[in-house]
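Asker: To start, I am sharing the structure in question, which I have written as structure tokens.
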Amino acid sequence: MSGGLRPDLAAIAEMIGEGTRVLDIGCGDGRLLEHLMTTKRVDGHGVEISQPNVNACVARGLAVIQGDADTDLSEYPSQVFDVAILSQTIQATRNPRKVLSELLRIGRRSVVSLPNFGHWRVRLSLSLKGRMPRTVALDYAWYDSPNIHLCTIADFVALTRESGAVIERALAINARGQTRAMRAHAWGPNLLAEGAIFLLRPRA
Amino acid sequence: MVDAQTPTFTRPVSAPGADPGRAMTFGPDRALALDAGRTLAPWTCAYMTYGTLNAARSNAILICHALSLDQFVIGDNPVTGKPGWWPLMVGPGLPIDTDRFFVICANVLGGCMGSSGPAELDPATGEPRGLSFPLVTVRDMVKAQAMLLDALGIEKLLCVTGGSMGGMQALQWAALYPHRVASAIPIATAARHSAQNIAFHEVGRQAIMADPDWRGGRYFASGTQPSKGLAVARMAAHITYLSEAALQRKFGRTLQDRAEISFAFAPDFQVESYLHHQGASFVDRFDANSYLYITRAMDYFDLAADYGGVLAEAFLGSPTRFCIVSFTSDWLFPTSENKRIAHALNAAAASVSFVEIETDRGHDAFLLDEPEMLATVRGFLNSVAQAAGVR
């Protein structure tokens, strides 16, 4: 972990090579991009849907485009970025499958992080209380949640297989945001991890 | 031969105390080869500067003006006597900070504020050139500005910016002289004029040319000008600079100086009086032929066409940092056209930011108090200046 960066973002940063060309989709206020540009001298670019966030990024000298992951990724040329990052965003897209395939097309490598709806607390809340779960990673009431396509780690792993992606690395995120390597197909992380980070590449 | 003097305005000066700026005349050894295939020599470029050029000559910002504007960005305009057109953007402590940057704005080629154009006097005849002046393009305008900067000893611009046609020039600058432009801020613009935009311009041109006082462009000989035609052109164009929401909010169906409709064709509605005023004040400051020339230059603008139809090719390997700004209610240069530029720049692996600003004030929003736009330009320029070592 470095310089106050959220641990899951630091884990993503650790996957990015020095001086690479990076596209951060859903880059928020740009803290990951800024970190990558200062510590790894990456050629960083961002896409963000919120105007105040974009303006904050531009004011900090980041190259960020206001756009929507669901509609705008098709306009990007293929394989021009070394890494395309989709951090805590895929569950909020309308068409996660299409977004993932665009991601794999745009980046030679892709990094996806997501909350895990298979976590035991989520399962317990739904099965015992009969209510939609609210957890640290998913702290929304069902009616105002931006997360319209939640999935479990196992669900996402299945989607990567269908989308022709190879999982190069997989990390489990715990409740404190700390990460550790996991086996993507194991049942343990799907029950115990709050979220996961995947490093993907398109199958040759 | 290059010679700088006080510009000759084709309109009477109404504010004699205002700074008239300078005009640079380029002799036959500095002829301008135009896209239309003709060569212009001698030719003149009128311009204003604000702030001070630093010793390293690294703090120059070129502002490119829109269709009906001119080089008088701030301060009083000597011809109209009215304040400059970008007072919230440019000045001491403002986003384009004249305490920090050296700002240049040149009247475009084809314009009527001292640069060569159809209103300029032909020394051979002593009359305005009129339609004998060759048609010019946005690229010609930019080439002329580059020659002006050469004459001023400015090799590299920290930034080139402008809204509308000014944004077209900023894009053309970055495409034509990538190594002379550290950054570009094209605002409310497009890489090509759309069919709808050409259509509106044609309405304006036909209004001018249908006015009997236009006289085939030789109105100056009779001491008249096609005021009615030019006013109608301006009225039609002005509608495209606003938005339906802004017109409704400003005027609604409010009547002008009357309690009831008059069952006649004199202006009943406030919006009609407003347009009449816009038309009337425009003819006092703008030359009708110049309006024909500049609208044509905009119509001909299609940056991708010069690069095999692929816009990204215009910016391949560009070292320039771009910040594109659009407005939600701008239907003349809509967000989609601005976004097209941003995507092309991305495809060309250029450094690009894109900001869409929420406003109901339409295309003219770039001239108005839009805090998000001002903050974006300020932040972007700050980081560009920092990277270039400009304090």
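Going down the list, the protein sequences come from chains A and B.
Those letters in the first sequence? Residues 1 to 204, by our numbering.
Those letters in the second sequence? Residues 1001 to 1391, by our numbering.
Where a beta carbon is used, it is the ideal one built from N, C-alpha and C, also for glycine.
All figures in this text were calculated on a predicted structure; none of them were measured in a lab.
At least one CB of chain A closer than 9 angstroms to the CB of I1357 (chain B): is that the case?
Answerer: Stepping through the second sequence from its first residue, residue 1357 (chain B) is reached at position 357. For I1357 (chain B), the answer is yes, since a Cβ of chain A falls inside 9 angstroms of its Cβ.
Asker: Within 10 angstroms of its Cβ, does F198 (chain A) collect 16 or more other Cβ (buried), or is it exposed?
Answerer: Locating residue 198 (chain A) in the first sequence gives position 198, where the first residue counts as 1. So F198 (chain A) counts as buried.
Asker: Can you pull the DSSP bridge partners for V1160 (chain B)?
Answerer: Numbered from 1 along the second sequence, position 160 holds the residue referred to as residue 1160 (chain B). Per DSSP, B:L1062, B:A1184.
Asker: Below 9 angstroms on C-beta distance, what does E1337 (chain B) contact in chain A?
Answerer: On the second sequence, position 337 is the one that residue 1337 (chain B) refers to. Neighbours of E1337 (chain B) on chain A: none; closest Cβ ~13 angstroms, over 9 angstroms.
Asker: With 16 other CB atoms within 10 Å as the buried threshold, where does H1392 (chain B) fall?
Answerer: Examination of residue 1392 (chain B) is not possible in this model, given that chain B is present from 1001 through 1391 alone.
Asker: Please state if the CB of A1312 (chain B) and the CB of R1345 (chain B) are separated by a distance shorter than 9 angstroms.
Answerer: Locating residue 1345 (chain B) in the second sequence gives position 345, counting from the first residue. Locating residue 1312 (chain B) in the second sequence gives position 312, counting from the first residue. One point to set straight first is that residue 1345 (chain B) is Leu, not Arg, in the sequence displayed. In contact: L1345 (chain B) and A1312 (chain B) (Cβ atoms closer than 9 angstroms).
Asker: Can you find the residues in the same chain that come closer than 6 angstroms, C-beta to C-beta, to I1341 (chain B), ignoring five residues on each side of it along the sequence?
Answerer: Reading the second sequence from its first residue, position 341 is the one you call residue 1341 (chain B). Result list for I1341 (chain B): A1191, I1324, in chain order.
Asker: Does the beta carbon of R1321 (chain B) come closer than 9 angstroms to any beta carbon on chain A?
Answerer: Walking along the second sequence from the start, residue 1321 (chain B) turns up at place 321. Closer than 9 angstroms: yes.
Asker: Closest to V112 (chain A) by CA distance: which of A:G61, A:G67, A:T89, A:D155 is it?
Answerer: Position 112 of the first sequence holds residue 112 (chain A). Taking only the C-alpha atoms, the option nearest V112 (chain A) is A:T89.
Asker: Figure out for me which residue from B:S1183, B:A1266, B:P1028 has the closest Cα to the Cα of P1319 (chain B).
Answerer: Sequence index remark: in the second sequence, residue 1319 (chain B) carries index 319 (1-based). Taking only the C-alpha atoms, the option nearest P1319 (chain B) is B:S1183.
Asker: Pull out every residue of the region 182-193 of chain A whose Cβ sits closer than 9 angstroms to any Cβ of chain B, in chain order.
Answerer: Under the 9 angstroms Cβ criterion, the region 182-193 of chain A contributes no residue.
Asker: Would you mind sorting G1027 (chain B) into buried or exposed? The rule is 16 or more other CB atoms within 10 Å of its CB.
Answerer: Residue 1027 (chain B) sits at position 27 when you count from the first residue of the second sequence. Exposed: under 16 other Cβ atoms inside 10 Å.
Asker: Please list, in chain order, the residues of the region 25-43 of chain A that have any C-beta partner in chain B closer than 7 angstroms.
Answerer: Result list empty, no residue passes.
Asker: Is H119 (chain A) helix, strand or coil by DSSP?
Answerer: Taking the first sequence and counting its residues from 1, one reaches residue 119 (chain A) at position 119. H119 (chain A) falls in the coil class under three-state DSSP.
Asker: Determine whether the beta carbon atoms of R1205 (chain B) and T1137 (chain B) lie at a separation below 9 angstroms.
Answerer: Along the second sequence, one-based indexing puts residue 1205 (chain B) at 205. Along the second sequence, one-based indexing puts residue 1137 (chain B) at 137. Taking 9 angstroms as the Cβ cut-off, R1205 (chain B) and T1137 (chain B) do not qualify as a contacting pair.
Asker: Tell me whether N95 (chain A) is buried or exposed, calling it buried when 16 or more other Cβ atoms sit within 10 Å of its Cβ.
Answerer: To locate residue 95 (chain A), count along the first sequence from 1; it is residue 95. N95 (chain A) should be labelled exposed.
Asker: Is the distance from the Cβ of R1100 (chain B) to the Cβ of N1059 (chain B) below 9 angstroms?
Answerer: As a working note, residue 1100 (chain B) is residue 100 in the second sequence. As a working note, residue 1059 (chain B) is residue 59 in the second sequence. Against a cut-off of 9 angstroms, the Cβ pair of N1059 (chain B) and R1100 (chain B) comes out as a contact.
Asker: Are the Cβ atoms of L104 (chain A) and P7 (chain A) separated by less than 9 angstroms?
Answerer: Start at 1 with the first residue of the first sequence, and residue 104 (chain A) comes out as number 104. Start at 1 with the first residue of the first sequence, and residue 7 (chain A) comes out as number 7. Not in contact: L104 (chain A) and P7 (chain A) (Cβ atoms no closer than 9 angstroms).
Asker: Exposed or buried, what is L126 (chain A) when buried is set at 16 or more other beta-carbons lying within 10 Å of its beta-carbon?
Answerer: The count along the first sequence starts at 1 and reaches residue 126 (chain A) at position 126. Exposed.
Asker: Could you spell out the range, first to last residue, of the beta strand (DSSP E) harbouring I1357 (chain B)?
Answerer: Position 357 of the second sequence, counted from the first residue, corresponds to residue 1357 (chain B). Segment 1351-1357, the beta strand (DSSP E) holding I1357 (chain B).
Asker: Look at L1367 (chain B) and W1086 (chain B) and say whether their C-beta atoms are less than 9 angstroms apart.
Answerer: The residue labelled residue 1367 (chain B) in the question sits at position 367 within the second sequence. The residue labelled residue 1086 (chain B) in the question sits at position 86 within the second sequence. Yes, the pair counts as a contact, with Cβ atoms nearer than the cut-off.
Asker: Excluding sequence positions up to five away, which residues of its chain have a Cβ less than 6 angstroms from the Cβ of R109 (chain A)?
Answerer: Along the first sequence, read from residue 1 onward, the residue named residue 109 (chain A) stands at position 109. Closer than 6 angstroms at Cβ, skipping near neighbours: V83, R201.
Asker: Closer than 8 angstroms: is that where the CB of I65 (chain A) sits relative to any heavy atom of the ligand SAM?
Answerer: Here there are no bound small molecules, and the ligand SAM is not part of this structure.
Asker: Quick check on Q79 (chain A) - is its C-beta less than 9 angstroms from some C-beta in chain B?
Answerer: Locating residue 79 (chain A) in the first sequence gives position 79, where the first residue counts as 1. Not closer than 9 angstroms to any Cβ of chain B, the Cβ of Q79 (chain A) fails to qualify, so no.
Asker: Would you call the CB atoms of L9 (chain A) and H35 (chain A) closer than 9 angstroms?
Answerer: Reading the first sequence from its first residue, position 9 is the one you call residue 9 (chain A). Reading the first sequence from its first residue, position 35 is the one you call residue 35 (chain A). Yes, the Cβ-Cβ distance between L9 (chain A) and H35 (chain A) is below 9 angstroms.
Asker: Which of the three DSSP states is assigned to M957 (chain B) in this structure?
Answerer: This structure gives no information on residue 957 (chain B), because the portion of chain B shown stretches from 1001 to 1391.
Asker: How big is the Cα-Cα spacing for F1072 (chain B) and V1384 (chain B)?
Answerer: Reading the second sequence from its first residue, position 72 is the one you call residue 1072 (chain B). Reading the second sequence from its first residue, position 384 is the one you call residue 1384 (chain B). Approximately 25 angstroms, taken between the alpha carbons.
Asker: When DSSP labels each residue in this structure, what does S2 (chain A) get in the three-state scheme?
Answerer: Walking along the first sequence from the start, residue 2 (chain A) turns up at place 2. Reliability fails at S2 (chain A), whose pLDDT of 46 lies under 50, so the model's placement of it is uncertain and no value is given.
Asker: In chain B, which residues lie less than 8 angstroms from R60 (chain A) when you measure between Cβ atoms?
Answerer: Locating residue 60 (chain A) in the first sequence gives position 60, where the first residue counts as 1. Result: G1379, S1383.
Asker: Determine whether the beta carbon atoms of A196 (chain A) and I173 (chain A) lie at a separation below 9 angstroms.
Answerer: Your numbering for residue 196 (chain A) matches position 196 in the first sequence. Your numbering for residue 173 (chain A) matches position 173 in the first sequence. Against a cut-off of 9 angstroms, the Cβ pair of I173 (chain A) and A196 (chain A) comes out as a contact.
Asker: Could you check the C-alpha separation between R1234 (chain B) and G1279 (chain B) for me, to the nearest Å?
Answerer: The count along the second sequence starts at 1 and reaches residue 1234 (chain B) at position 234. The count along the second sequence starts at 1 and reaches residue 1279 (chain B) at position 279. The alpha-carbon atoms of R1234 (chain B) and G1279 (chain B) are separated by roughly 5 angstroms.
Asker: Counting C-beta neighbours from all protein chains within 10 Å, is the total for R176 (chain A) 16 or more, i.e. buried, or is it exposed?
Answerer: For the purposes of this step, residue 176 (chain A) is taken as residue 176 along the first sequence, with counting starting at 1. R176 (chain A) is exposed by the Cβ-count criterion.
Asker: Measuring alpha carbon to alpha carbon, tell me which residue in B:S1336, B:E1370, B:I1357 is nearest E75 (chain A).
Answerer: By 1-based counting over the first sequence, the position of residue 75 (chain A) is 75. The shortest C-alpha separation from E75 (chain A) is found at B:S1336.
Asker: For G1093 (chain B), is the classification buried or exposed, using 16 other Cβ atoms within 10 angstroms of its Cβ as the cut-off for buried?
Answerer: Working through the second sequence from its first residue, we reach residue 1093 (chain B) at position 93. Result: exposed.
Asker: According to the neighbour-count rule (16 or more other Cβ atoms, all chains shown, within 10 Å of its Cβ), is S1326 (chain B) buried or exposed?
Answerer: Taking the first residue of the second sequence as 1, we reach residue 1326 (chain B) at position 326. Under this definition S1326 (chain B) is a buried residue.
Asker: Evaluate contact between the region 42-60 of chain A and the region 22-33 of chain A, counting only Cβ atoms and requiring at least three cross-stretch pairs below 8 angstroms.
Answerer: Flag = yes, the region 42-60 of chain A and the region 22-33 of chain A touch.
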